[in-house]
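Participant: Per this note's numbering, the very first residue in the sequence shown carries number 1; after that it's consecutive.
Cβ coordinates follow ideal geometry from the N, Cα and C atoms, glycine included.
Please read through the structure below; I'll follow up with questions.
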Amino acid sequence: MAYPSQRETWDDRAARKADRIRDKLGWEPGILNGNGWKPKGMPWNTFERLTAQHDAFVQVSLAGWQQS
Numbered sequence: 001m002a003y004p005s006q007r008e009t010w011d012d013r014a015a016r017k018a019d020r021i022r023d024k025l026g027w028e029p030g031i032l033n034g035n036g037w038k039p040k041g042m043p044w045n046t047f048e049r050l051t052a053q054h055d056a057f058v059q060v061s062l063a064g065w066q067q068s
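See below:
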C-alpha cells in the first residue's frame, strides 16, 4: 500500500510544496496565481526565504509541465 504522495511525479510534488508555502503566506492557492503581499507580523527574512523557496518550486513544476 502506497500513500498518494509516493505516486506523485516530481513536478506535481513541487506544485504541492509551492501551494503549501502559499498557504503559509496567506496567498491564493494555485501556482499560476500571482504572488501576494507579505503577511503582517511576518519578519522580512522569513518572507524572503519562503518566497525564494516558492519561486524555486514553481520553476520546477513549470519545467515539468513543459516536458509533458
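Go ahead and pull the three-state DSSP assignment for glycine 34.
Facilitator: Here the question's residue 34 lines up with position 34 in the sequence shown. In the structure shown, glycine 34 sits in coil (DSSP, three-state: anything other than H, G, I, E or B).
Participant: Considering arginine 49, what are the terminal residues of the alpha helix (DSSP H) in which it resides?
Facilitator: The residue labelled residue 49 in the question sits at position 49 within the sequence shown. Counting along the chain, the alpha helix (DSSP H) containing arginine 49 begins and ends at 44 to 67.
Participant: Between the alpha carbons of threonine 46 and glutamine 53, how many angstroms are there, rounded?
Facilitator: Indexing the sequence shown from 1 puts residue 46 at position 46. Indexing the sequence shown from 1 puts residue 53 at position 53. About 11 Å.
Participant: To the nearest angstrom, how far is the alpha carbon of phenylalanine 57 from that of arginine 7?
Facilitator: Taking the first residue of the sequence shown as 1, we reach residue 57 at position 57. Taking the first residue of the sequence shown as 1, we reach residue 7 at position 7. So the two alpha carbons sit approximately 18 Å from each other.
Participant: Thinking C-alpha only, which one of Pro4, Tyr3, Arg13, Pro29 is nearest tryptophan 65?
Facilitator: Counted from its first residue, the sequence shown places residue 65 at position 65. Of Pro4, Tyr3, Arg13, Pro29, the residue nearest in Cα terms is Arg13.
Participant: Roughly how far, in whole angstroms, is the beta-carbon of isoleucine 69 from the beta-carbon of serine 61, given that I think they are within contact range, below 8 Å?
Facilitator: The structure shown does not extend to residue 69, since the chain is modelled only from 1 through 68, so no value can be given for it.
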